[in-house]
Structures are given as C-alpha cells and as structure tokens.
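Heads up, the sequence shown is in the working numbering, so the first residue is 55 and it goes up one at a time.
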Amino acid sequence: MTYVRKGSKTRAQQHRSVQSRDLLWVSVNGCHILNVYRQPGTDAVMDYLTNLSPPARCLIGGDINVRHDAFEPGAVNLHRGGELVQWASEHGMDFVGEIGVPTHAAGHVIDLTFSNVAFASTTVRQDLHCGSDHQSMITMLPTTPQTQLSDARIKITDSQLEPFADLVRGLMVDMPCPEGVGNVAQLDDLAQHFTQSLLAAAQAVSKPAQQGRTTAPWWTADCRRAHRELTTHQTEAAKHQFKDAVRKAKRAYWRQVINGARDGRDLYRVVAWHKLEPNLRAPPLVIGDQVIEETAAKAEALQQAILKRYNSADDLEYDPLDDEHWSGMGNLPWNPWIGMEMERNTIGVQSTSPGTDGITVRMLKACWQHVSLFIQQLYNCCLRLCHFPRAWKLAEVAMIPKVVSPQHGGALPRRSAMDLVAAFTHEVEAAFAQNKEVSMVTMDVQGAFDAVLRRRLLQRMAQQGWPRELLQLIDSFLTERRAQVRLEGTTTAAHQMQCGTPQGSPLSPILFLLYLAELLWQNSELRFGYADDLNIWRATHSLDNNATLLRQDIQSILRWGEINKVAFAPEKLEMIHLTRKRHNEAPAVVVSEDLTVHPVTAPAGQEPALRWLGVHFDRRLTWRPHVSTRAKKARAVAQHIRSLGKTRDGPPADALRKAVTTCVVPSLLYGTEAWYGGRTQPARHTGGSGEVSSRLGWHVGTVEKVLTMAARGVLPVFRTTPIATLYRDAGLPSAMVALEEAKIRFATRLQVVDEKHPLASRIAPPMITRGRGAGTRQRSKTKIQRLGALLPAVNRPTLAIPHYSEGCGTDPTEGVDKKSAAQAFKKWWRSQPSTDLYVFSDGSERSLDNSRQAVGACRALECAVKLLPCVTEDSSNPQIWLCLDNTSVIWGIRGSAAASSNWAYNRCHELLRQHNVGLKWAPGHMGIEGNEEADRLAKRAVSSTAAPAYGLEATPTVSGVRTVAKQLSQEARRKWWSGACGRLSDWYRGWSFSRPTVEYQVKAPPELTMPRHALHRWLALRSSHGDFSWYHRRFQHADARLTCVCGHNKSPEHLVLCRHSQRHFLHWPKRPAARPHNRATAVAYLGSLTPTDFVELLDCTQFYTRYCTR
C-alpha cells in the first residue's frame, strides 16, 4: 500500500499497468515510484524486476527478501540477490540505502531501495519505529514542488453568514439597477458584476476549504509515552506495550465517536459506514485501444467522450423562431410576473448544490433581504430581453466511478416512479384476470439530456403552443453553453457545447420531458415513461402474438427516433414475459437483422427478473426477487446498526431508532405499492364471495427478519428477548404493521391524487355492459381497485399551477402569541373604517371523514361578495377583510391550494383575483366578538339537522379521509398487538412503568432517551431476560453468578429489595414513603418510576456496579 499525504501540494497518480497485488506504480511530481513486496521463496516479482527497464527519475523499493554482500557486507548470496545486483548495475539503478544497517529484527538488510535520481538517499529512522519486525525507513528525493490541480470550494460557517450578508449589503449600494439595462451586452456585464460581487464577499469572510494536515485523532498521551519508551529501549516488552496502547486508544476513540452520535448528522455519518469504500483513484480509462491513467488526461477524455459525443449535425438547418419559419400558436397561458414565485424558487428549493461560482442557497438566504429586489429586477430584465446571462451558462459535470445511479428523477409534480409501477402492475393483474399473458420491454434514451437538439426542441415546443417570447429565452438559455469536467479534484477548462441541456439545472428535466412528449402521446395506454426510461407492453392470449406486436412497437419507436434524431441505447433493451400459465415459452423479439431482444435470464437457482424504476418483475409476478433484493439491501444497514449498538456502549437508542425508521424501513418497503394489497384477497372465481390467501407468507417473513434484526440493534437486550417485546419497546412497526400501514398510505394516495393522475382512472372497476348485472361494476380484480374502495371517495383536487398572492410567504401569526395577537386585532379592528366588510368564519366537522374549515371560509367570502352592492353606495372601493382563526387555511388561501377542500381554496383564489380582499388572523377563543359568534353559529349548524350539507360540501375531504386512514392504521396495530401480547408472559404484561398499560405504539417511547446501560436494566426488568438466577438456570449458564452479595437470588425486583440498595435510599430525595418489603410492593414502586427517576435510582444505589455484578 502507498499513501500520499493530503494537502502536501503534490500531484500523485496511481498506475495499474501491472496486474499484481505485490507491485504498485505511483507517479509523484514526475518521479516514478514502484512499491515492491516479494514473498519469500517466490519468483514472480523477481522476474518482473530483472526484466524491467526503469524509466527516468525512478525509485524502486520495498521488502524484496534477498541477501547479497553489496548491501550487507559478509552476507551470502541468497534468493537471487546476485541477479538483482547485476540488473541494478546494467540499468543504472544505484542502491541508495545504508549499507550494512539492518532493516529487519533478524539483523539482515532485506528492505532495499534503488534509484536513478541524483542525490536520492534512504536512511533507517529508529525514532519512527512502529513496533513491526521491520525498521522504518525514510527516502529523500529531490523534486520540484507542483501545485495540486484542484479547485478549493468556498466554505462559510454559520458564524460567518452575518458578516457575509453585511458585505453584500455594502456592495449592493453601488450596484446598477437592472431596469436601466437596454441590451443583452449590458445584461451580461451586470450579471457578471453581481456574481463576482457575491463571490468577493464570500472569499472575504472565509478561507477555501482545503485538505490540510491533521494528526491522528486517536493519538493520546499514552501512545506518545509508549512510543517514547519503544524508541528508547527497543525491547519486545516495549513493542508489545506500544501496540497495546495504540489498540486501546483506537478502540476508545471510535467507541467515543459512536457513543457521541447525538444529532441526526453525526448518526447518519456513523450509519453510512456500512457502505464505505476505499478512497482510491478511479481505474484507468479505456477509450478504444487507448488506456489513460493520468487524472487530468482522464478528465479531458471524459469531456470529449461524454459531453461531446453528440453534436448539432442532426439539428435543423433553419431557426424555427425567425419570422420566416415561425409556425407556433402561442396559445398556452404564460404569466411573466414572478414576485413570491422567484423567492420560492431561489432560496426555497430543496436542492442546495452550488454552481461553479460556489454560491450556495444557504448563502443566498443569509443576504436575501439585500439582493431580493435586485434579483427580481434582473430576472424581469431577462424576460424583457429574452436573454439568459452568459455568466450563468457555465456548467460543471462531476464524474464519479459509478456512472449509472440506481435513483430516478422526474419533473412532474405529484407523479412518482411508484405511481407508474403501480399503474403498470394494475394492467398486468387485469390481463391475468382475463387469462392473458403480458410481455414488457424497457428502453432507454441514449444520452438523455446531452442529446437534446436545441432547434428541434424549440420547434416541438412551438407546435405545443408555447409563446414565442418564452422560446426565445430558452433559445438563449441553450445557446453558447460551456461545460467543464471535474474528476478527483482536477477540473478541465471550459469547452463550448453544441447541443444538450445542462445537467443539474431545474429547467433541464422539464425541457427533456417536452422533447419526448410526442413519443409517449402516440400510445399512452401501452407506454409508460419516467424521464428517459420507457416501458412498452402488450397483453394477448399468446406470447408469440405479444412478441409480434412488440416488434412493431419497437420498430415504430425507432423510426420516430430516426426522424426526430432521438437515439435509443440498444444495449439497454430488456424484455420479460409475465404469465400465470405453466409453460416455459419465452419467444424473443426480432426487431431487425441486427437487433434481437431476448428475455432476461438469471444464474442457475435464481429466478429471472427485470428491473424497472427500482422494482423487479419476475415471470409469474410472485415478487420474490424484488422482496429478496430489497431485504438484502436493508439487511446490510440493519446489521451495521446492530454492530453499533451494544449492551453498554453505542449511540442512544432513540438515535438508532431514527436511523432504522429513515434508513432501513423505507428501503425495505420500497415497492410495496406494487406487491402488497393485504394478506387476503377475494376469490378469483366468479361465484366466490369469500377471501383467500394472497400467498405472501414468505414475503412477510422476509421483511420480519430484517425488522427484527434492526430492532435488536436499537435496544440493548439479550438475544433471547421475545420479538414482540422488541417492537413494542423500540416503538418500531412489525412486518405486518409496517405493510398494513404502507397499504393504507397507498390507499390514501389513491384518493388524494388529481383527476388526471394515471392512478385515478384505474380505481373504479369496469362496467358490466351486457347480461346479468348490466349497468353495474365488475368485482375488483386488482390491488388498485381493492384499495380504492378501502377509504371514502373524495372530490379530487385539481393539479394547478402554484398560486402566489401578497403575504403568501409570511407567517400569519407574525411570531406573536395568541393573547398579544388578540389584543392587536381588537385594536386594529377599532381603527378600521366602517365602510369595509369584515367576515368571520369558522368550520366544524359533521363526520370523521369531513372537515369544514376551508369550506366555511369559502362560503363566508362568497356571501361577502354578494353584499358588496349594498356597501358601494358609501364607498367606491370597499375592502373585504376575511378574519380566520385557522392559520393553515390562511396559508392555503394566500399560497397554493391544499389537497383537502381543494375546490374551496381554488374558489377563494378566484375571488381574490376579482375583488379587493385582505386576510387577517383572529385567534380563536380569545374574546374576539365576531370570531366567537362565528364559532357559535358553526356549532349550532352542525348539531342541527334542518340544513344538511349539499353539493361539494357533502363529499368527504382529504383531511377527513386521512383521519379515517389514521384510525385504520391504529386498528391494524391493535390487531397485531392483541395477537402478539397474548403470547407474552404475565410478568411482562404486568409492568406499566410510567404508562397506564403496556400499549403498542409506533413512536419512540420516552425510555429510549436513557443511557444504554440504564436502558438495558430497564428492559431486563420488564422482560426478565437478563442477569437473573431463573434466566441462567433456564439456559444452563453454568459459569453464571446466581446470587447477589447479600445472599439472595438475583431477580428483577431485587433492585429495591436488597438491603444494600435500601441503605442508599436515605440519600435519594425520591425515595418511597415506605420501603418495599415484598415482590408486589417492589414491582409497584418500580412501575411508578419515570425513565429519569430510574436512572437516578441506579446512580444512587450503584446496585449493578457494586453489589449485583455479573
């Protein structure tokens, strides 16, 4: 192994021209270094050395294991030492070590160094001895320092954000106003000046984040003392003492790191250790017959091979936006006003990756009050001139060894990958119900973003109806773009791009979807698309017919791609046949003489499966390959979490539980929307009215094993602890609970998606058109149909563009408590003119699946609008003030409409655009006259049956349906716990501690905040699986100590019955009024303690550390 110190200002490059574990070439600042290890008695390394022609400025050294009197006077020539000396003489490689100075504990010179660099020298350093049987050696090579080719990123701490904002405020004073910009050249200069100002302010308050030298964090004073002893005496005892000191220091340091993981950031860093990989250089890059190893050359080659693999040769020869060729309708609505929309999409985005200038969203948030007006004016100037500034056209592409990411992304709101997977699964299940067979083929657009041709994209958007001014801005966005490649700290120069959209830009996915929209609209029923992943399928009564139809579909797609210059990757064409029939037919799809798509295969003993959007489809749709794959991935994290959590040491249990719920459970349950619809399903035959098994026992058991392993990692308990108690004490869902909750979440999603969602049209079963039952719907045959009937149907929300109005980004409470806000409201109300309308609204629920807060506000606003003609005589422009006590409703009216009561919010938005309406927060139940009267009238209306709800008011709301779903989840937990709790011991069920009953809830119990050693004792008392006499007898622990020092048997309640513990009660303020004297009183007293009290009791009595030890 060869290490290069970080921050040493050296340029190091590993070469892999030799396929050997014992030879490693490294180039450092122009010097070629060969690290050698020769196993005793082997010839492969010696054969390589003696046949090597060393390059200029070469150093060869290592444990070569030869003996010769040329470097060890008086030694006998052994192990081909003479051949090595002759080779060094013929090739000008001088021995630069110390002749006769032993390099091994046996007293021989076997660690050799040869070099053809002038003035190179190697010396043995006793002061650097590390306890090995080999001596530490230092080689000095004269070389010219070279600057490392890396770009240091700007790093600003939280304390530096305020000085950064102050500097930006000063720089913005002399910044020209964008409203005075009259041409694109001035706009480019202004954008460049603004960017440089932000960069200068950032550089002024921070230093570049460079990788400097740091000492080993585990190196302690004991290590220094042991090392000093070793270098002084050089004895075996000192060597062993030094090694023990280092091992103990490392163990203590890493134990402290693990135990100190308190917040989420530290915890996830520790949890991520399970997937750490060596921080090695990327392997050599092979392009054609050329092998490239140098980092800078690889970066340049990647830029040529990837970013420039497509050019504009296939683009249109004419400009589709000029007057001669413009054919667009421009009928799509386009509102150039930005306001709050600009703020939300600048500093309110989730992706915080900086651009090439290093300015992050976090930095923009800090100075937003100083730059918001300027950015808004600058953006309006871009829209007015239809020009995108040149300073923002530089993109940086980071190359990583793992090129293909398992994650997928899209650009459509409320459209996830699992929605498409569930929709396709529905089609397959519907085909199976008709005794059909399904064949699916997945395709991938070659190049994706990099292959988008600018003029063809503009032509397609013009045909779609986008306005010409917007297309001119997009044309400027895609013109004269530059890109640079960053690889392993080395960044190439910026090069001009001829086509493609920039990776990482939020606009690129939208443009790419518009680029491929025509392809998916050609046959939307048989084609699914997510970003650049396509899925085409056919369902007939014969796989051969499917293959024929798929051949025609693929040919049609390839013809469309050839006409529109969109290429598809042939190596990513995959196919699988899905059928419930018992035969082995698997016909291939012969597209052409050069292209044949074969069904996927798998190694012997494994079931073939096709992966699409992270879900594995197998031939019979049993989902076993998918569940097995997800369980394997989640099991790796669970095993790592279990290795971190010990009985005494490890992160807090509540932190590990958070890791399980965020890292293990989502990964394990990914794809349940496709395969889990409940443990039972309706019988398939027509006359069947009962339920049959879904045959998911193996799937549930596989999920259960992973969750059980994760729960054992969270809790410091013995491995014999019953599984049901693990889930209850850790606050984690069991497999059945987790799957049922996932099912209910998906059923809720089926009700809340918009009416144009691909799932919405698949919920209702088809109608029976003829025969008996004509005019009614068929029985549910798919998971989506069954889950769609699980919850009440709602009036589906409308998928509309975001709504922005005055104050939509301001908290309605303005950070004031209810009492102060109520006083301020009364004072404001008294000062308002009497000509305005003041509307107070409240809403109450008629049932659990119905919520009326937003509906009440909507109806109140409509009534106020109707009263406007009555007040216009006294005022020419009266204002309506809508006073609400529900802040969430105010958020929804000011901003985008919420999913619940979506129609009411949209109606309010419409009235806000038509009339002068203001919103005010009136805190409820604070003595505000209008608010109290509205609350009284709302309650009276609910209790009265004279005025029932009608129209949209009578339909359940999303909020109400979510309440019903929450109750179903609670019922699923109660059902599982009632069955599991009955198998637990009476002792466990008798404990209540700080809770009235041993209730099962999927949330963190308060005791998880206890230290792990105290939590172990707490849980051992509850389950009686611990250091107790009955436990050791039950499991035949012959070497266990069964009694306390007082002579009594160890038992859970002995903690407070032991005379040594009761003696310490005098020093504890929370001691019991009467000392426990038997088992019943001891259990009652322990059950009344809170987790904090229990920890204090252990510290006070020191029972388990001094008296009842293991």
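C-beta atoms are modelled at their ideal positions from N, C-alpha and C, and glycine is treated no differently.
query: For Val654, name the three-state secondary structure that DSSP assigns.; result: coil
query: Taking the beta strand (DSSP E) that Arg665 falls in, what are its first and last residues?; result: 663 to 666
query: Tell me whether the beta-carbon of Ser721 lies closer than 9 Å to the beta-carbon of Arg733.; result: no
query: With a Cβ-Cβ cutoff of 9 Å, do Asp826 and Pro736 count as a contact?; result: According to the sequence provided, residue 826 is Arg. The question's Asp does not apply to it. Going by C-beta atoms, Arg826 is not nearer than 9 Å to Pro736.
query: In the DSSP output, what is Met194 paired with across the bridge?; result: Ser175
query: Quick one: what's got a C-beta closer than 7 Å to Leu221's C-beta in the same chain, skipping five residues either side?; result: Ala255, Ala258, Val259
query: Please return the same chain residues whose Cβ sits closer than 6 Å to the Cβ of Ala353, not counting the five positions on each side in sequence.; result: Val539, Leu541, Thr544, Thr546
query: So what's Arg536 in DSSP terms, helix, strand or just coil?; result: strand
query: Report the residue from Pro560, Leu166, Met494, Pro820 whose alpha carbon sits nearest the alpha carbon of Arg605.; result: Met494
query: Mapping DSSP to helix, strand and coil, what is Gly116?; result: strand
query: Along the chain, where does the beta strand (DSSP E) containing Leu88 start, and where does it finish?; result: 85 to 91
query: Measure from the alpha carbon of Leu853 to the alpha carbon of each residue in Gln886, His811, Pro820, then state which is nearest.; result: His811
query: Would you call the region 1070 to 1081 in contact with the region 715 to 729, where contact means no fewer than 3 C-beta pairs closer than 8 Å?; result: no
query: How do the region 576 to 593 and the region 484 to 498 stand: do at least 3 beta-carbon pairs fall below 8 Å, yes or no?; result: yes
query: For the beta strand (DSSP E) holding Leu973, just list the boundary residues, first then last.; result: 971 to 975
query: Does DSSP put Gln288 in a helix, in a strand, or in coil?; result: coil
query: So if DSSP puts Ile838 in a beta bridge, which residue, or which two residues, is it bridged to?; result: None; Ile838 has no bridge partner.
query: So for Pro455, helix, strand or coil by DSSP?; result: Only weak support is given to the placement of Pro455: the predicted model assigns it a pLDDT of 47, under 50, and the value that follows is read from those uncertain coordinates. Coil, per DSSP.
query: Along the chain, which unbroken stretches of the alpha helix (DSSP H) at least 4 residues long are found entirely within the region 934 to 982?; result: 941 to 948, 956 to 968
query: Of the residues Ala911, Leu632, Leu507, which one's Cα is nearest the Cα of Glu491?; result: Leu632
query: Run the CB neighbour count on Gln513, radius 10 Å, all protein chains shown included, and call it buried at 16 or more, exposed below.; result: buried
query: So, Gly151 versus Met191, is the Cβ gap smaller than 9 Å?; result: yes
query: Does DSSP put Asp587 in a helix, a strand or coil?; result: strand
query: When the Cα of Asp939 is compared with those of Ser955, Ala976, Val971, His969, which residue comes out closest?; result: Ala976
query: So, for Ala445: in the same chain, excluding its five sequence neighbours on each side, which residues have a beta-carbon less than 6 Å away from its beta-carbon?; result: Ala245, Gln246, Thr249
query: Report the rounded CA-to-CA distance for Asn119 versus Thr683, giving the unit in angstroms.; result: 47 Å
query: Starting from Met629, trace the beta strand (DSSP E) both ways and give me its first and last residue.; result: 628 to 632
query: Whose C-beta lies closer than 8 Å to the C-beta of Tyr4 among residues of the same chain, with five residues either side of it excluded?; result: Past the edges of the chain, shown from 55 to 1164, lies residue 4, and the structure says nothing about it.
query: Could you pull out every residue in the same chain whose Cβ sits closer than 8 Å to the Cβ of Phe1089, ignoring the five residues on either side in sequence?; result: Thr774
query: Which two residues bound the contiguous beta strand (DSSP E) that contains Trp520?; result: Here Trp520 belongs to no beta strand (DSSP E), and DSSP marks it neither H nor E.
query: Shortest alpha-carbon distance to Cys85 belongs to which of Gln68, His69, Arg111?; result: Arg111
query: Opposite Tyr102 in the DSSP bridges: which residues?; result: DSSP lists no partner for Tyr102.
query: Just curious, the beta strand (DSSP E) that Trp1166 is in, first and last residue?; result: With the chain covering only 55 through 1164, there is no way to say anything about residue 1166.
query: Looking only at DSSP bridge pairs, what is Leu891 linked to?; result: Ile934
query: Starting from the C-beta of Lys456, find all residues in its chain whose C-beta is less than 6 Å away, skip the five residues before and the five after it, and write them out in chain order.; result: Any reading at Lys456 needs caution, since the residue's pLDDT is 38, under 50, leaving its predicted position unreliable; the model's value is listed next. Cβ within range, chain order: n/a, list empty.
query: Give me the Cα-Cα distance between Leu321 and Gly1036, rounded to the nearest whole angstrom.; result: 36 Å
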